[in-house]
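Chemist:
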Ligand code: SF4
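Residue numbers (the working numbering): 18 to 444.
(1) In its own chain, which residues sit with a C-beta less than 6 Å from the C-beta of residue 72, not counting the 5 before and 5 after it?
(2) Would you grab the beta carbon distance between residue 78 and residue 47 for me? Rounded to a whole angstrom, and I think it's under 8 Å.
(3) Is it the case that the Cβ atoms of residue 278 and residue 434 are separated by a distance below 8 Å?
(4) On the three-state DSSP scale, how would you describe residue 164?
(5) Quick one: what's got a C-beta closer than 8 Å to residue 329's C-beta in the same chain, skipping five residues either side?
(6) Compute the beta-carbon to beta-carbon distance between residue 179 and residue 30, rounded to the nearest angstrom, for a pair I have assumed lies under 8 Å.
(7) Among 103, 165, 106, 117, which residue has its Cα nearest to the Cα of residue 132?
(8) Considering just the uninterrupted stretch of the beta strand (DSSP E) at residue 302, what are its terminal residues?
(9) Measure the alpha-carbon distance for residue 232 versus residue 418 and round it to whole angstroms.
(10) Report the rounded CA-to-CA distance for residue 193 versus residue 239, giving the unit in angstroms.
(11) Using the DSSP secondary-structure output, state which residues sit across from residue 491 in a beta bridge.
(12) Any heavy atom of the ligand SF4 closer than 7 Å to the Cβ of residue 105?
(13) Can you tell me whether residue 294 is buried or exposed? The criterion is at least 16 other CB atoms within 10 Å of its CB, across all chains shown.
(14) Among residues of its own chain, excluding the 5 on either side of residue 227, which ones have a beta-carbon nearer than 7 Å to its beta-carbon?
(15) Less than 8 Å between the C-beta atoms of residue 366 and residue 177, yes or no?
(16) I'd like to know whether the C-beta atoms of residue 216 and residue 203 end up nearer to each other than 8 Å.
(17) What separation, rounded to the nearest whole angstrom, lies between the Cα atoms of residue 75 and residue 181?
(18) Under the three-state reduction of DSSP, which class applies to residue 353: helix, strand or coil?
(19) Between which residues of its own chain and residue 198 is the CB-CB distance below 8 Å, once the five residues before and five after are set aside?
(20) Within 7 Å: the Cβ of residue 46 and any heavy atom of the ligand SF4?
(21) Going by C-alpha distance, which of 27, 300, 326, 403 is nearest residue 150?
(22) At which residues does the alpha helix (DSSP H) containing residue 22 begin and terminate?
(23) From 301, 147, 415, pick the residue whose C-alpha is nearest to that of residue 3; which is it?
(24) If we count the other Cβ atoms within 10 Å of its Cβ and call it buried at 16 or more, is residue 122 buried or exposed?
(25) Compute the Euclidean distance between the alpha carbons of residue 319 and residue 296, then round it to the nearest angstrom.
(26) Leaving out five residues on either side along the sequence, give the residues of the same chain with a beta carbon under 7 Å from the beta carbon of residue 70.
(27) Relative to the ligand SF4, is the shortest distance from any of its heavy atoms to the C-beta of residue 58 smaller than 7 Å?
(28) Are the beta-carbon atoms of residue 356 and residue 125 separated by less than 8 Å?
(29) Straight-line CA distance for residue 156 to residue 93?
(30) With a cut-off of 8 Å on the beta carbons, I'd call residue 427 and residue 372 a contact; round off their distance for me.
(31) According to the Cβ coordinates, are residue 437 and residue 264 closer than 8 Å?
(32) Spatial neighbours of residue 118 within its chain, please: CB distance less than 8 Å, with the 5 preceding and 5 following residues excluded, ordered by chain position.
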């Protein structure tokens with residue numbers, strides 16, 4: 018078995034651990050079968066860590082319902098004072114939980130392949146620092162062998178549906194993913210226009226009666242659509258229209274869900290029952306406020322600026338080439354690693370997953386403004402983009418709320434408003 022890293026990801030991406038331990042101070046690390054027992058037996062941890070509880074029970078760890086315990090501030094109990102992992106220090110990399118060894122790589126068994134993606138909530142990935150990706154191939158491939166249960170036939174890994182009720186063969190899925198990749202990595206037009214291109218492409222995909230399209234015509238039809246739409250996009254004038262009140266309400270809820278700070282899940286889990294209920298009520302209130310054009314910006318993250326939501330509705334100007342490149346690399350990694358639909362993305366169909374990705378980028382556009390305002394700027398710079406991408410990436414595909422029924426209804430409603438939202442928040 019071999020993992021598959023999309024050539025475009027290999028060309029564009031680098032990674033090298035900065036030992037920042039950001040993930041160790043924020044994420045909830047769910048354990049696999051037998052990992053808790055293995056770690057427990059390694060040594061008398063109390064004498065090293067000074068804590069009694071090494072693990073917690075949580076519904077967030079899907080199979081075992083067990084995760085690494087956290088300190089009150091969200092730090093993993095195994096993280097030493099010098100920012101190094103005590104399991105790694107005493108017993109080597111391979112003794113650590115699988116999730117820690119794999120991070121920041123993401124594996125998705127889709128369409129007969131184990132696809133490799135990257136997490137952009139890792140600072141090294143986001144800033145593209147470290148070794149070229151081909152250097153990591155062997156390590157990731159070895160890890161993948163542990164992930165795949167014996168007897169599992171990778172060649173049989175299923176494909177997500179194209180859209181509700183339309184199944185895809187591996188060949189068709191590949192053709193579709195490649196069309197998306199071509200659109201997103203094209204240097205013919207800037208990013209906001211590529212988002213519009215993608216949006217239009219999806220609109221057409223929605224209209225085709227796929228049952229009547231034979232295998233030999235499938236890829237050709239995609240090529241025709243994707244190529245034909247570019248000319249239309251190039252000529253299209255950018256018109257900024259304010260979103261409707263209802264669309265603003267819906268996108269505001271998505272802004273809220275994709276803006277959750279990294280420690281959020283871990284800290285919620287550390288709270289007692291009553292505190293957790295109070296936090297949930299507070300969150301519901303914040304989410305409601307985020308759906309408005311006006312009113313104070315809720316403190317979804319403690320360091321957000323004190324300002325009125327209205328201040329975030331105006332354009333902060335265009336983005337630089339460097340910012341465009343980061344946003345593009347992010348999209349390439351999501352698409353190439355198939356981290357926008359299927360098993361790693363709430364089992365979304367390809368069309369719904371791609372629309373979610375567009376809404377993620379719209380949210381990044383809005384978050385860049387929040388970050389710029391924090392520094393009293395009314396124009397954007399690369400730090401704003403790094404902040405926005407790291408924030409949304411920690412939630413997209415990981416936030417439970419984004420996989421629920423309400424999220425699908427929001428997505429359904431907003432599909433007719435994507436053009437306005439891209440123009441309003443991404444330009
Ligand atoms: S076990 Fe080690 S690597 Fe994993 S989160 Fe804890 S400190 Fe970090």
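Glycine residues also receive a C-beta, built at the ideal position from the N, C-alpha and C atoms.
Modeler: Walking through what the data contain:
(1) 53, 83, 86
(2) Rounded to whole angstroms, the Cβ separation of residue 78 and residue 47 is 3 Å, and the two are in contact under 8 Å.
(3) Cβ distance not < 8 Å, so residue 278 and residue 434 don't count as in contact.
(4) helix
(5) 314, 383, 386, 387, 390
(6) With a Cβ gap of about 27 Å, residue 179 and residue 30 do not count as contacting.
(7) With distances taken between Cα atoms, residue 132 lies closest to 165.
(8) Unbroken run through residue 302 is the alpha helix (DSSP H), 290-306; no beta strand (DSSP E).
(9) 37 Å
(10) 7 Å
(11) Residue 491 is absent from the structure shown; the chain starts at 18 and stops at 444.
(12) yes
(13) exposed
(14) 179, 183
(15) With respect to residue 177, residue 366 sits close: the two C-beta atoms are nearer than 8 Å.
(16) no
(17) 32 Å
(18) Residue 353: helix per DSSP, three-state reduction.
(19) Excluding positions up to five away in sequence, the list reads 23, 25, 349, 352, 353.
(20) At a cut-off of 7 Å, the beta-carbon of residue 46 counts as near the ligand SF4: some heavy atom of the ligand is closer than that.
(21) Per the Cα distances, 27.
(22) Taken as a continuous stretch (DSSP letters only), residue 22 belongs to no alpha helix (DSSP H), as it is neither H nor E.
(23) Since the first and last residues shown for the chain are 18 and 444, residue 3 lies out of range.
(24) buried
(25) 14 Å
(26) 86
(27) no
(28) yes
(29) C-alpha separation (whole angstroms): 24 Å.
(30) With a Cβ gap of about 10 Å, residue 427 and residue 372 do not count as contacting.
(31) yes
(32) So the list reads 110, 111, 160, once near-sequence residues are dropped.
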